[in-house]
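See below for the structure under consideration.
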Amino acid sequence: MALDIPLVEGRGLLHNVQLYSRKIIFIDESYNASPESMKTTINYFFKIKKLNKQKKYLILGDMRELGENSLNFHVKLLNQLKSKKIDHIIICGELMSLALKKVNNKKILKMDINELLKYLRDNILSGDLLLVKGSNSELTSDLAKKLLSKEAV
362 MALDIPLVEG RGLLHNVQLY SRKIIFIDES YNASPESMKT TINYFFKIKK LNKQKKYLIL
422 GDMRELGENS LNFHVKLLNQ LKSKKIDHII ICGELMSLAL KKVNNKKILK MDINELLKYL
482 RDNILSGDLL LVKGSNSELT SDLAKKLLSK EAV
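Following our numbering, the numbering of the sequence shown begins with 362 at its first residue and continues without gaps.
So, in C-alpha coordinates, the structure goes:
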(Lines of atoms letter the chains of each structure in order from A and count residues from 1; the text may use other names and numbers.)
(Lines give C-alpha, C1' and ligand atoms only; values in the text may rest on other atoms or scores of the structure.)
Protein backbone atom coordinates (compact mmCIF):
# COMPACT_ATOMS: atom_id res chain seq x y z
CA MET A 1 0.00 0.00 0.00
CA ALA A 2 1.52 3.31 -1.10
CA LEU A 3 1.35 6.23 1.26
CA ASP A 4 0.74 9.69 -0.07
CA ILE A 5 3.12 11.74 2.02
CA PRO A 6 2.90 15.42 1.18
CA LEU A 7 6.12 17.20 0.32
CA VAL A 8 6.76 20.01 2.76
CA GLU A 9 8.68 23.25 2.27
CA GLY A 10 12.11 23.03 3.82
CA ARG A 11 12.30 19.24 3.69
CA GLY A 12 14.16 18.37 0.52
CA LEU A 13 12.06 19.98 -2.17
CA LEU A 14 13.94 20.86 -5.35
CA HIS A 15 13.27 24.24 -6.88
CA ASN A 16 14.42 25.83 -10.10
CA VAL A 17 15.05 29.41 -9.06
CA GLN A 18 16.51 32.44 -10.69
CA LEU A 19 19.29 34.03 -8.67
CA TYR A 20 20.98 37.12 -10.05
CA SER A 21 19.71 36.30 -13.57
CA ARG A 22 21.06 32.76 -13.34
CA LYS A 23 18.88 29.67 -13.23
CA ILE A 24 20.02 27.35 -10.47
CA ILE A 25 18.74 24.23 -8.74
CA PHE A 26 17.94 24.92 -5.10
CA ILE A 27 17.43 22.07 -2.63
CA ASP A 28 15.61 23.38 0.42
CA GLU A 29 16.45 21.46 3.62
CA SER A 30 15.96 24.46 5.88
CA TYR A 31 13.11 23.19 8.05
CA ASN A 32 15.13 21.37 10.70
CA ALA A 33 18.55 19.99 11.50
CA SER A 34 19.85 17.27 13.76
CA PRO A 35 23.25 15.58 13.65
CA GLU A 36 21.81 12.57 11.82
CA SER A 37 19.74 14.59 9.33
CA MET A 38 22.77 16.82 8.60
CA LYS A 39 24.96 13.79 7.94
CA THR A 40 22.31 12.18 5.71
CA THR A 41 21.74 15.38 3.76
CA ILE A 42 25.46 16.00 3.23
CA ASN A 43 25.97 12.42 2.01
CA TYR A 44 22.99 12.78 -0.34
CA PHE A 45 24.33 16.06 -1.74
CA PHE A 46 27.84 14.64 -2.10
CA LYS A 47 26.51 11.72 -4.16
CA ILE A 48 24.64 13.90 -6.68
CA LYS A 49 26.57 13.65 -9.93
CA LYS A 50 27.55 16.99 -11.39
CA LEU A 51 26.93 17.76 -15.04
CA ASN A 52 29.58 19.49 -17.16
CA LYS A 53 31.04 22.42 -15.20
CA GLN A 54 28.25 22.46 -12.63
CA LYS A 55 29.31 23.40 -9.09
CA LYS A 56 27.79 22.52 -5.74
CA TYR A 57 27.17 25.03 -2.96
CA LEU A 58 26.44 23.59 0.50
CA ILE A 59 25.20 26.10 3.07
CA LEU A 60 24.87 24.86 6.64
CA GLY A 61 23.38 26.62 9.63
CA ASP A 62 23.21 25.80 13.30
CA MET A 63 21.50 22.74 14.73
CA ARG A 64 19.39 23.84 17.68
CA GLU A 65 18.05 22.17 20.80
CA LEU A 66 20.84 19.61 21.15
CA GLY A 67 21.59 20.24 24.80
CA GLU A 68 24.94 20.58 26.53
CA ASN A 69 26.85 18.65 23.81
CA SER A 70 25.64 20.97 21.08
CA LEU A 71 29.05 22.38 20.20
CA ASN A 72 30.56 18.88 20.02
CA PHE A 73 27.92 17.84 17.48
CA HIS A 74 28.81 20.85 15.33
CA VAL A 75 32.55 20.14 15.56
CA LYS A 76 32.01 16.49 14.61
CA LEU A 77 29.90 17.53 11.61
CA LEU A 78 32.52 19.98 10.34
CA ASN A 79 35.22 17.34 10.76
CA GLN A 80 33.14 14.94 8.64
CA LEU A 81 33.15 17.49 5.82
CA LYS A 82 36.92 17.12 5.41
CA SER A 83 36.44 13.99 3.30
CA LYS A 84 33.72 15.48 1.07
CA LYS A 85 34.62 17.06 -2.24
CA ILE A 86 32.01 19.78 -2.49
CA ASP A 87 32.96 22.91 -4.40
CA HIS A 88 31.74 25.50 -1.89
CA ILE A 89 30.96 24.85 1.78
CA ILE A 90 29.60 27.81 3.70
CA ILE A 91 28.48 27.91 7.31
CA CYS A 92 26.46 30.48 9.17
CA GLY A 93 25.30 30.77 12.73
CA GLU A 94 26.85 31.10 16.17
CA LEU A 95 27.38 27.40 16.90
CA MET A 96 28.83 26.67 13.46
CA SER A 97 31.20 29.63 13.89
CA LEU A 98 32.37 28.37 17.28
CA ALA A 99 32.82 24.86 15.87
CA LEU A 100 34.87 26.15 12.93
CA LYS A 101 37.38 27.66 15.38
CA LYS A 102 38.01 24.12 16.69
CA VAL A 103 38.31 22.49 13.28
CA ASN A 104 41.20 22.75 10.86
CA ASN A 105 39.28 22.88 7.59
CA LYS A 106 40.28 25.80 5.38
CA LYS A 107 37.77 24.96 2.65
CA ILE A 108 34.84 25.98 4.88
CA LEU A 109 33.80 29.63 4.65
CA LYS A 110 31.92 31.46 7.43
CA MET A 111 29.46 34.19 6.39
CA ASP A 112 26.39 36.06 7.51
CA ILE A 113 23.41 36.25 5.16
CA ASN A 114 24.50 39.49 3.45
CA GLU A 115 28.04 38.22 2.83
CA LEU A 116 26.57 34.96 1.59
CA LEU A 117 24.27 36.64 -0.92
CA LYS A 118 27.19 38.72 -2.23
CA TYR A 119 29.35 35.59 -2.48
CA LEU A 120 26.62 33.81 -4.46
CA ARG A 121 26.17 36.84 -6.71
CA ASP A 122 29.89 36.83 -7.48
CA ASN A 123 30.34 33.07 -7.92
CA ILE A 124 27.21 31.08 -8.75
CA LEU A 125 26.50 30.20 -12.39
CA SER A 126 23.44 28.95 -14.24
CA GLY A 127 22.93 25.25 -13.66
CA ASP A 128 24.75 25.16 -10.31
CA LEU A 129 23.32 23.24 -7.33
CA LEU A 130 22.64 24.99 -4.03
CA LEU A 131 21.57 23.14 -0.88
CA VAL A 132 20.61 24.92 2.33
CA LYS A 133 20.32 22.95 5.60
CA GLY A 134 19.80 24.19 9.15
CA SER A 135 17.30 24.63 11.95
CA ASN A 136 14.10 26.43 11.06
CA SER A 137 14.80 29.33 13.43
CA GLU A 138 18.21 30.05 11.95
CA LEU A 139 19.74 32.09 9.13
CA THR A 140 19.39 29.20 6.71
CA SER A 141 15.62 29.40 6.96
CA ASP A 142 15.73 33.13 6.19
CA LEU A 143 18.01 32.46 3.23
CA ALA A 144 15.72 29.75 1.86
CA LYS A 145 12.73 32.08 2.12
CA LYS A 146 14.65 34.81 0.28
CA LEU A 147 15.64 32.44 -2.51
CA LEU A 148 12.09 31.20 -2.92
CA SER A 149 10.55 34.68 -2.77
CA LYS A 150 13.18 36.16 -5.10
CA GLU A 151 14.05 38.87 -2.57
CA ALA A 152 17.71 38.02 -3.09
CA VAL A 153 17.81 38.85 -6.79
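Even glycine gets a Cβ: it sits at the ideal position worked out from N, Cα and C.
Exercise. Looking at C-alpha atoms only, which residue of Glu476, Leu419, Leu461, Ile474 is the closest neighbour of tyrosine 405?
Worked result: Among Glu476, Leu419, Leu461, Ile474, the Cα nearest to that of tyrosine 405 is on Leu419.
Exercise. By Cβ distance below 8 Å, which residues in the same chain neighbour serine 487 in space, the five residues on each side in sequence not counted?
Worked result: Arg383, Lys384, Ile385
For this session: Report the residue from Asn440, Glu429, Leu442, Met472 whose alpha carbon sits nearest the alpha carbon of leucine 455.
Result: The amino acid at residue 455 is misidentified as leucine; the sequence shows glutamate. Of the listed residues, the one whose Cα sits closest to glutamate 455 is Met472.
Exercise. Quick one: Cα of lysine 479 to Cα of leucine 459, how far?
Worked result: 23 Å
Exercise. Skipping 5 residues on each side, what residues in its chain have a beta carbon closer than 6 Å to that of leucine 438?
Worked result: The residues Met399, in chain order, have a CB closer than 6 Å to that of leucine 438 in the same chain once the five nearest residues on each side in sequence are set aside.
Exercise. Nearest to serine 395 by CA position, among Lys416, Phe387, Leu492, Leu427, is which residue?
Worked result: Leu427
For this session: From the DSSP output, in three-state form, read off isoleucine 474 for me.
Result: helix
For this session: Spatial neighbours of methionine 362 within its chain, please: CB distance less than 8 Å, with the 5 preceding and 5 following residues excluded, ordered by chain position.
Result: Bear in mind that the predicted position of methionine 362 carries a pLDDT of just 44, short of 50, making it too unreliable to give a figure here.
For this session: Put tyrosine 392 into one of helix, strand or coil per three-state DSSP.
Result: coil
For this session: Using only alpha-carbon positions, find the residue among Phe387, Lys468, Gln379 that is nearest to isoleucine 447.
Result: Ranking the options by Cα distance to isoleucine 447, first place goes to Lys468.
Exercise. Can you tell me whether DSSP reads leucine 491 as helix, strand or coil?
Worked result: strand
For this session: Identify every residue that forms a DSSP beta bridge with histidine 449.
Result: Tyr418
Exercise. Using a Cβ-Cβ cut-off of 7 Å (strictly less than) and excluding sequence neighbours within five positions of leucine 461, which residues of its own chain qualify?
Worked result: Close CB contacts of leucine 461 within its chain, under the 7 Å cut and outside five residues either way in sequence, are with Leu439, Ile452, Ile469, Lys471 (chain order).
Exercise. What three-state label does DSSP hand valine 464 in the structure shown?
Worked result: coil
Exercise. What's the call for threonine 361, buried or exposed, on a 16-neighbour Cβ count within 10 Å?
Worked result: Beyond the ends of the chain as shown, which are 362 and 514, falls residue 361; an answer cannot be given.
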